[in-house]
Structures are given as C-alpha cells and as structure tokens.
Amino acid sequence: MGGQPSVDILGIEVSTTWLWIVAGGLGFYFLAVPLLIYATFASSAIPVVQSIENDMPLPDEVRSFFARCFDEFTAIGFQHAGTFLLPNHIENVRSILVLFVEPQTKTLAMSPLMYGMINGRWNLQSRYTEFCTDFEDGFCIDTGNQNVVGAFPSRPDKLVTIQPKIQDIARLFQAHLAVVKFRSSNRRAVLRLETDYQWDSENYLSQGITREMEAAKNDGYLKHEGGDRPEFSNAIAGHGQFSIERIGAPKNYRTTFRGAYMMTWKQLWPIKQVVLFWTCRQGRQLLQDAGFTNWRV
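If you're matching positions, the sequence shown starts at 12 in my numbering and goes up one per residue.
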C-alpha cells in the first residue's frame, strides 16, 4: 500500500494509519463521552413536577397522544390521575407523563412522552407505557414496553420487566398482572398515591424521582452536590411521603466518576443493544414462567 505500514486482517491489507484513526475514534466514543456526562450532569434533588391544565397550549400531536392514552386506559378500567410536565435538561425537548390508576388491583399506569423541536416543528420522540404495583413491604413490580434499559442499576426491591414488542396496552396489563400473581407471594398490594400521598400526584412523582436518584447514589452512581448529606438520606428513607423542611436538601445530584461511565456505556452502541436483548430475554422467560401466553403483536 504505497510503502505505508500495514497489517493483514482476514486476508485484507489495511493501513495502520487507518487502524489508529479507528482506535482513536472508538477511544473518544467510549472514554470522552462519559467524561462529558461527568462534567455536565446535574439533576435537581427535589424536581419540580407541574400539573398540565386543559387550557395549556400543546402541539396537536401531543394532544392526540393524550386522547389516545385516555381511551386505551379507561377501556381497561383505569382512571385518569393527572397529566404532568416533568423536569428536563435538554433544550427544546419536553417530557410529559400521563398518570392513571386502577384501584381494584392497586395498579398505577404511566405513559411518559418526550417531544422536541426539529426544523421548527414539534415531533414526538419517545413514548411508552409501564404498569407498577407497590407492596406494603416496599417491594415493587414494574412492567413496561420501553425499548431502552434504565441508566441506573437494578434494585433488589424492584422487579422490572421490559417487553417492547407488547405495544397493546390491554395485553401489557395482562402481562403485568401475570407477573404480580407469580411473584407477589403473600405480599399485600398498596396504592401509595392514595394511602401515603392522599392523591397528591405532583408530590408523589417528584418524591419518586428523588428516591430513584437516592437509590443510584447508594449504588455509587450519583452523589450529593457539595458533599454527602446523611440527614437528607435518612429523611427520605422508606416508602411513604417525606418532609425535609427542617433539614433542607442538596441542590442537585451529580454523577460519580464510575457512575458517569456505567450510565453512559449502557446507552451507547453496541452495549445498549446487547443489554436490551438480554433484559428482554429475561423478561420473556419470566412471563412464560408466570403463565402469560398472549404474545400476539
């Protein structure tokens, strides 16, 4: 190759210059991107969740999504518990969540939606549904059809099943109930939105996000900005509504060095696809063990 150093790869002579370029690109991809997350990630310790009123201006595509959600969930016995604007850290991107409850089975249902401004118009970017059942002992069963795996590590007190191929809401609910019956043992289900939060959905969602981040902190992925705040951690421990008026809260959660790499790598190709594949495979096996057979899509 013109006198340039080269190596033979599967019978193909490749310039070492190109190999160095590829290696450098992969190094930047897997090493530099997490460093950017480490330097910039900051999530409010007490996120603001805002209720969306009917007269709030929204794109037509978003309102159509809401109408479809309402029809699908009410058709299987759920009641609308509010629509909310979630905190988001990306410019020109908004996150909205529609919340429903089914009191008889003590099931909570959520349909988050992200939409962003592209070329001067709003476009739906990410939407999925998940069902959640809490139990008195703090255990939780969650079943969703999202096509991504969460950035935080799995928790021993939370069983998450992901099945992106089950897009029908009624069948996804059937799958969730099958897992609940199979794994709940003698646990007693509880609707914490009612018993602990007296239907204060905004506070319920905000404190739920805080507890997710605190769990990630306990796993070494996140940290309190400005140093560890054990009094804050103690105040939010448990599963009911908490109050931090007397102690205050850290302003933000930030990533640890390890957390930045682990969180980012799980969202990068090809690791993202491998993790999602195995997670879905485990979820499918769980549903089969639970006796769920309604797989048609």
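Ideal Cβ placement from N, Cα and C applies to all residues, glycine included. Owing to the predicted nature of the structure, the values given are computational and were not obtained by experimental measurement.
Hey, would you say residue i sits closer than 8 angstroms to residue j, going by beta carbons?
i      : j      : result
Thr144 : Thr172 : no
Val190 : Leu287 : no
Asp230 : Pro164 : yes
Ser122 : Cys80  : yes
Phe84  : Ile180 : yes
Ile57  : Ala260 : yes
Met128 : Asn103 : yes
Ile152 : Arg203 : no
Ile95  : Glu223 : A small fix is needed here, since residue 95 is Phe in this sequence, not Ile. Taking 8 angstroms as the Cβ cut-off, Phe95 and Glu223 do not qualify as a contacting pair.
Pro70  : Trp133 : yes
Thr266 : Ile101 : no
Mind reading off the beta-carbon distance from residue i to residue j? Whole number of angstroms is fine, and I expect it under 8 angstroms.
i      : j      : result
Ile107 : Leu97  : 7 angstroms
Ala162 : Lys277 : 6 angstroms
Asp207 : Gly251 : 4 angstroms
Could you tell me if residue i is buried or exposed, where buried requires 16 or more neighbouring beta carbons within 10 angstroms of its beta carbon?
i      : result
His187 : buried
Lys117 : buried
Ser62  : exposed
Val18  : Because Val18 sits at a pLDDT of 48, beneath the cut-off of 50, its placement in the model cannot be relied upon, and the point is left open.
Asn156 : buried
Leu233 : buried
Leu170 : buried
Gly88  : exposed
Leu279 : exposed
Thr51  : exposed
Val109 : buried
Phe39  : exposed
Gly294 : buried
Glu141 : buried
Excluding the 5 residues preceding and the 5 following residue i in the sequence, name in chain order all residues of the same chain whose CB lies nearer than 7 angstroms to its CB.
i      : result
Ile20  : Confidence is the limiting factor: at Ile20 the pLDDT is only 48, short of 50, which leaves the residue's position unreliable, though a coordinate-based value still follows. So the list is empty, once near-sequence residues are dropped.
Ile282 : Trp276
Glu225 : Ser244 and Ile247
Phe268 : Tyr49
Cys291 : Ile173, Gln174 and Pro175
Met273 : Tyr232
Cutting at 8 angstroms between CB atoms, please list the residues of its own chain near residue i, excluding the five before and the five after it.
i      : result
Asn305 : Arg182, Gln185 and Ala186
Leu46  : Ala271
Ile255 : Ile57, Phe243, Ala246 and Ile247
Lys228 : Lys234, His235, Ser244 and Tyr264
Tyr126 : Pro70, Glu72, Val73, Val104, Arg105, Ile107, Trp133, Asn134, Leu135 and Gln136
Please list, in chain order, all residues of the same chain as residue i whose beta carbon is under 6 angstroms from its beta carbon, the five residues on each side excluded.
i     : result
Gln90 : Val112
Val44 : Thr275
**Asked** Should the stretch 74-82 be regarded as contacting the stretch 230-238, the criterion being three or more beta carbon pairs within less than 8 angstroms?
**Response** Cβ pair count under 8 angstroms is below three, so no.
**Asked** Are the stretch 216-227 and the stretch 128-144 touching, with three or more C-beta to C-beta distances below 8 angstroms?
**Response** Counting C-beta pairs closer than 8 angstroms gives fewer than three between the stretch 216-227 and the stretch 128-144, which falls short of the contact rule.
**Message:** Across the stretch 146-153 and the stretch 184-201, are there enough close Cβ pairs to call them in contact, namely three or more that are closer than 8 angstroms?
**Reply:** In short, these stretches touch, since the Cβ pair count reaches three.
**Request:** Decide if the stretch 287-298 is in contact with the stretch 162-177; the criterion is three or more beta carbon pairs, one per stretch, under 8 angstroms apart.
**Result:** Judged by Cβ distances under 8 angstroms, the stretch 287-298 makes contact with the stretch 162-177, as three or more pairs qualify.
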